[in-house]
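Asker:
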Amino acid sequence: MNKPNLNAPVITIDGPAGVGKGTLAHQLAADLGWAFLDSGAIYRVAALYALRHAIPLDNEDALVDAIRTLDIDCQQALILLNGENVSEAIRNETCASATSKIAALPQVRQALLALQQSFQQLPGLVADGRDMGTVVFAHAPLKLFLTASAEVRAERRLKQLKRQGLEADLAQLVKDISERDYRDANRAVAPLKAAADAQVIDTSRLSVAEVKALVTPMLRALGYLPA
Ligand code: DC
């Protein structure tokens, strides 16, 4: 694991599932030529390992012991667990639900912190998650927090799953997303919330291009894009 380069700029993008964080983060990273961190994927890999090895999702000590032995590697969309490509295996709802459970455990979050922070490298990083702006990169110069109504988010998730060839039911998705959000927003450690200095953007009625149009002046003001 590399040491973080604290001189490298970081843009954090936080918010609940289905607000368009991933798409925005990918596009900003591509536009800027920066790296991209999907921190949810890191939590998902840990959950996948726990599911595969029948580690109880509330056994914090056992989870942390297991996590310490894992080799988790994220290179853009390619996610490796001990060398195996698990990019698709981590994307189903069973894994998402398990992930939300283990992500509520303080020691699990602590065990995955340094790995996430190691992504801060030059020329810069766009980091997508729930606590990027509040905890992991608390000193980031630009913090975005995206929101959207539950219905819009469930519909987006449904489309995303369909594109991946996965079946899902809209009503069930709304329920799953609401439960997961409730856990994420109400956990004791690093709950999902906007940092005090975050720019909050409601994406319910905005296309990705419209969200980018709001963010572009912020990138120019910081000198990340030419004026
Ligand atoms: O963004 P995602 O759907 O891949 O996230 C999966 C789960 O992990 C979700 O329940 C929120 C949790 N998570 C978290 O607690 N902290 C992060 N930085 C990223 C994700």
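So that you can map any letter, position 1 of the sequence shown is 754 in the numbering used here, and since no number is skipped, the others follow by simple counting. A virtual CB, placed ideally from N, CA and C, is assigned to each residue, including glycine. Because the structure is a prediction, the values reported are computed rather than measured.
Using the beta-carbon count (16 or more within 10 Å), is proline 769 buried or exposed?
Answerer: Burial call: buried.
Asker: Kindly indicate the opening and closing residues of the alpha helix (DSSP H) around valine 905.
Answerer: Valine 905 -> alpha helix (DSSP H) spans 903-916.
Asker: What is the DSSP secondary structure of asparagine 838, reduced to helix, strand or coil?
Answerer: Reduced to three states, the DSSP call for asparagine 838 is strand.
Asker: Could you give the first and the last residue of the continuous alpha helix (DSSP H) run that contains aspartate 824?
Answerer: Run containing aspartate 824: none; DSSP gives neither H nor E here.
Asker: With valine 964 as the anchor, note down where its beta strand (DSSP E) starts and where it stops.
Answerer: From DSSP, valine 964 is part of no beta strand (DSSP E) but of the alpha helix (DSSP H) over 961-974.
Asker: Report the start-end ranges of each alpha helix (DSSP H) in the stretch 766-793 that is 4 residues or longer and not cut off at the edges.
Answerer: List check, alpha helix (DSSP H) in window: 774-785.
Asker: Inspect the beta-carbon positions of alanine 948 and lysine 896 and report whether they are closer than 7 Å.
Answerer: Cβ atoms of alanine 948 and lysine 896: closer than 7 Å.
Asker: Determine the DSSP secondary structure at threonine 887, reduced to helix, strand or coil.
Answerer: Of the three classes helix, strand and coil, the one that applies to threonine 887 here is helix, per DSSP.
Asker: With DSSP as the reference, please indicate the residues paired to alanine 880 in a beta bridge.
Answerer: For alanine 880, which the question treats as bridged, DSSP gives the partners Thr765 and Leu790.
Asker: Sorted by chain position, which residues of the same chain lie with C-beta nearer than 7 Å to serine 853's C-beta, five sequence neighbours on each side aside?
Answerer: Within the same chain, serine 853 has close Cβ partners Arg933, Arg936 and Asp937.
Asker: On the three-state DSSP scale, how would you describe threonine 900?
Answerer: Correct three-state label for threonine 900: strand.
Asker: Closer than 7 Å by C-beta to leucine 831: which residues in its own chain qualify, once you throw out the five before and the five after it? Chain order, please.
Answerer: Contacts found: Asn838 and Ser840.
Asker: In angstroms, rounded to a whole number, what distance separates the CA positions of lysine 912 and threonine 956?
Answerer: So the two alpha carbons sit approximately 16 Å from each other.
Asker: By DSSP, does isoleucine 795 sit in helix, in strand, or in coil?
Answerer: Isoleucine 795: helix per DSSP, three-state reduction.
Asker: When you compare the CB positions of glutamine 869 and serine 792, do they come within less than 7 Å of one another, or not?
Answerer: Yes, Cβ-Cβ distance for glutamine 869 and serine 792 is below 7 Å.
Asker: Distance check for proline 944 and arginine 883, CA to CA, integer angstroms please.
Answerer: Arginine 883 and proline 944: Cα-Cα distance of roughly 8 Å.
Asker: Does the stretch 792-812 touch the stretch 902-916, meaning 3 or more C-beta pairs lie closer than 8 Å?
Answerer: With the cut-off at 8 Å, the stretch 902-916 and the stretch 792-812 do not touch.
Asker: Shorter than 6 Å, the distance from the beta carbon of serine 853 to the closest heavy atom of the ligand DC, or not?
Answerer: The answer is yes for serine 853.
Asker: Alpha carbon to alpha carbon, what distance is there between phenylalanine 898 and lysine 1036?
Answerer: Here the chain has residues from 754 to 980 only, and residue 1036 is not among them.
Asker: Using a Cβ distance threshold of 8 Å, determine whether the stretch 765-781 contacts the stretch 961-968, with at least three qualifying pairs required.
Answerer: Contact holds: three or more Cβ-Cβ distances are below 8 Å.
Asker: Consult DSSP for leucine 833 and reduce its assignment to one of helix, strand or coil.
Answerer: Correct three-state label for leucine 833: strand.
Asker: Give the straight-line distance between the Cα atoms of methionine 885 and alanine 857, rounded to the nearest whole angstrom.
Answerer: Answer to the nearest angstrom: the Cα atoms are 15 Å apart.
Asker: Rounding to the nearest angstrom, what Cα-Cα distance links asparagine 812 and histidine 806 in this structure?
Answerer: Using only the alpha carbons, I get a separation of about 13 Å.
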